[in-house]
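J.:
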Amino acid sequence: MSNQLTRNFGTSRGLVRLGLSYIEAVPLWSAAVRPVPYEVRRLVFVCHGNICRSAFAEGVARDLGIRASSFGLSTSKGKPAHEPARAAAAKLGHPIEAHLTTRAQDFVPQPGDYLLGMEHRHLRKLAALEHLAHLPRGLLGSYTSPPMPHLHDPYRLDPAFMEVCLRRVGSGVIHLAQAYPGARLG
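Each residue of the sequence shown is one higher than the one before, counting from 0 in numbering that gives the first Met the number 0.
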């Protein structure tokens with residue numbers, strides 16, 4: 000049971016947060032702001048450190064020919080992706096060796112940006128940032144199949160969970176690419 004838990008949810012806290020996130024996804028409580036689909040021109044992926052989930056999401060999106068960017072809500076500028084994330088990303092066919100972190104305060108929004116967090120708390124933090132609060136924002140996990148409104152941070156957790164998490168992230172990006180064709184390059 001413990002191996003299944005760490006492989007699929009990272010920790011027991013990850014499982015609990017996933018369960019609670021379904022309740023928090025109720026529109027009345029959610030900090031999500033839906034975009035006008037035809038206005039979306041770039042997908043912007045957001046997580047805590049910009050070294051695992053959002054870095055991989057940006058890499059997958061770019062590999063799919065989607066305008067994409069990413070940043071971290073609590074990171075420093077110019078760090079590479081976390082080594083286990085780089086290894087898992089390469090194994091999944093989307094290397095992120097060239098990725099360098101971007102801080103939220105350094106991110107320059109553009110018209111047509113759609114911000115995609117990995118957790119509800121990311122959406123709340125985005126809503127509190129003056130230069131980003133006006134942008135539509137949602138959860139990447141809303142686009143996975145099945146929907147998973149909490150994509151738990153794999154940083155320093157079981158390597159098997161890193162791969163499971165990044166597979167979920169990739170699945171969400173693929174569905175986003177279909178839902179927002181205006182973000183395609185060219």
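All C-beta atoms in this analysis are idealised placements derived from N, C-alpha and C, irrespective of residue type, glycine included.
(1) Taking the runs of the alpha helix (DSSP H) that are 4 residues or longer, which of them lie wholly in the segment 8-47?
(2) Give the DSSP-derived three-state secondary structure of Arg66 in the structure shown.
(3) Please go through the same chain and pick out, in chain order, the residues whose beta-carbon is closer than 6 angstroms to the beta-carbon of Glu57, but skip the five residues on each side of it.
(4) Are the Cβ atoms of Lys76 and Asp105 separated by less than 8 angstroms?
(5) From this set, Gly18, Ala60, Leu114, Pro180, which residue's C-alpha is nearest Leu72's C-alpha?
(6) Among all the DSSP beta bridges, which residues are the ones paired with Asp112?
(7) Nearest to Gly18 by alpha carbon, out of Arg166, Arg183, Glu162, Pro146?
(8) If you follow the alpha helix (DSSP H) that Gly171 is part of, which residue opens it and which one closes it?
(9) Buried or exposed, going by whether 16 or more other CB atoms sit within 10 Å of the CB of Asn49?
(10) Give the DSSP-derived three-state secondary structure of Leu91 in the structure shown.
(11) Looking at Ala24: is its Cβ nearer than 8 angstroms to the Cβ of Leu122?
T.: Taking the geometry as given:
(1) Within the segment 8-47, the complete alpha helix (DSSP H) runs of at least 4 residues are 11-23.
(2) As a first step, residue 66 is located in the sequence shown; it is residue number 67 there, counting from the start. In the displayed model, Arg66 falls within coil according to three-state DSSP, outside both helix and strand.
(3) For the purposes of this step, residue 57 is identified with residue 58 of the sequence shown, where counting begins at 1. Hits under 6 angstroms: Phe44, Ala67, Ser69.
(4) What you label residue 76 is simply residue 77 of the sequence shown in a count that begins at 1. What you label residue 105 is simply residue 106 of the sequence shown in a count that begins at 1. Cβ atoms of Lys76 and Asp105: closer than 8 angstroms.
(5) Taking the first residue of the sequence shown as 1, we reach residue 72 at position 73. Nearest of Gly18, Ala60, Leu114, Pro180 to Leu72, Cα basis: Leu114.
(6) Start at 1 with the first residue of the sequence shown, and residue 112 comes out as number 113. BP columns for Asp112 point to Arg41.
(7) One-based indexing of the sequence shown puts residue 18 at position 19. Answer by Cα proximity: Pro146.
(8) Your numbering for residue 171 matches position 172 in the sequence shown. In this chain, the alpha helix (DSSP H) harbouring Gly171 covers 158-178.
(9) Within the sequence shown, residue 49 is the residue found at index 50, counting from 1. Buried: at least 16 other Cβ atoms inside 10 Å.
(10) In the sequence shown, the residue the question calls residue 91 occupies position 92. In the structure shown, Leu91 sits in coil (DSSP, three-state: anything other than H, G, I, E or B).
(11) On the sequence shown, residue 24 is found 25 positions in, with the first residue counted as 1. On the sequence shown, residue 122 is found 123 positions in, with the first residue counted as 1. Against a cut-off of 8 angstroms, the Cβ pair of Leu122 and Ala24 comes out as no contact.
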